[in-house]
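Each remark here refers to the structure printed beneath this line.
Numbering (this note's numbering), first residue to last: 20 to 211.
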């Protein structure tokens, strides 16, 4: 599984006031946890923001609307499209939609082609599933923020608030920082 940033990203720009490598192992583990949390928070695809592996997903009649196959996850590229009657469809028989996007939510058949679902048949789509092959900067930043936040939460013994009696203040924590949620928000949308 891929991490969306490094311990160095978490420590960058004095984020945690850590300059040495003492906490690098702990920060790396938190980066992995933050990366998986972001995967789950954005349609649940593992490695969605550093997608390189080919996988196959299957679709039935409920995913078909006319000439369109509506995917349940974004796909970067399709290597093999197998119709429901077990025939392999060449890349010249369909378009990935939306046409001007880096990732796609629909496979649209060209004229002269049709979806065919034999009895108990499934449409199989083999491809690279995810949002990007290289991690977008907002996801790098969200991962670094979340990992840094988790690190500080552990240092505060996982308290829901922190107090500084000398300064007369109490700071209440959040479930997940709002900035992290804002950075991943564009990637949480469904099919276009």
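Even for Gly, the Cβ is constructed at its ideal location relative to N, Cα and C.
Proximity to residue i [Cα-Cα], best of the options
{"i": "residue 203", "options": "161, 196 and 166", "result": "161"}
{"i": "residue 61", "options": "93, 75, 82 and 40", "result": "93"}
{"i": "residue 159", "options": "111, 144, 114 and 67", "result": "67"}
{"i": "residue 48", "options": "194, 205, 173 and 206", "result": "173"}
{"i": "residue 134", "options": "84, 168, 169 and 110", "result": "84"}
Under the three-state DSSP convention, the category residue i falls into
{"i": "residue 91", "result": "strand"}
{"i": "residue 123", "result": "strand"}
{"i": "residue 76", "result": "strand"}
{"i": "residue 159", "result": "helix"}
{"i": "residue 153", "result": "coil"}
{"i": "residue 109", "result": "coil"}
{"i": "residue 50", "result": "helix"}
{"i": "residue 103", "result": "strand"}
{"i": "residue 135", "result": "coil"}
Cβ-based burial, residue i [other Cβ within 10 Å; buried from 16]
{"i": "residue 90", "result": "buried"}
{"i": "residue 138", "result": "exposed"}
{"i": "residue 211", "result": "Because the pLDDT at residue 211 is just 35, under 50, the model does not fix this residue reliably, and the value given afterwards should be weighed accordingly. Label assigned to residue 211: exposed."}
{"i": "residue 82", "result": "buried"}
{"i": "residue 78", "result": "buried"}
Contact set for residue i: own chain, Cβ-Cβ below 6 angstroms, skip 5 residues either direction
{"i": "residue 54", "result": "22, 23 and 162"}
{"i": "residue 69", "result": "21 and 154"}
{"i": "residue 136", "result": "80 and 103"}
{"i": "residue 128", "result": "86 and 113"}
Test item: CB-CB of residue i and residue j under 9 angstroms
{"i": "residue 5", "j": "residue 121", "result": "Only positions 20 to 211 of the chain appear in this structure, which leaves residue 5 out of reach."}
{"i": "residue 144", "j": "residue 95", "result": "no"}
{"i": "residue 126", "j": "residue 107", "result": "no"}
{"i": "residue 132", "j": "residue 86", "result": "yes"}
{"i": "residue 105", "j": "residue 146", "result": "no"}
{"i": "residue 205", "j": "residue 157", "result": "yes"}
{"i": "residue 88", "j": "residue 171", "result": "no"}
Residues near residue i by beta carbon distance below 7 angstroms, same chain, minus five either side
{"i": "residue 50", "result": "22, 24, 25, 26, 29, 162 and 166"}
{"i": "residue 164", "result": "196, 198 and 199"}
Cutoff 9 angstroms: residue i Cβ touching any chain C Cβ
{"i": "residue 58", "result": "Absent from the structure: chain C. Only one protein chain is present."}
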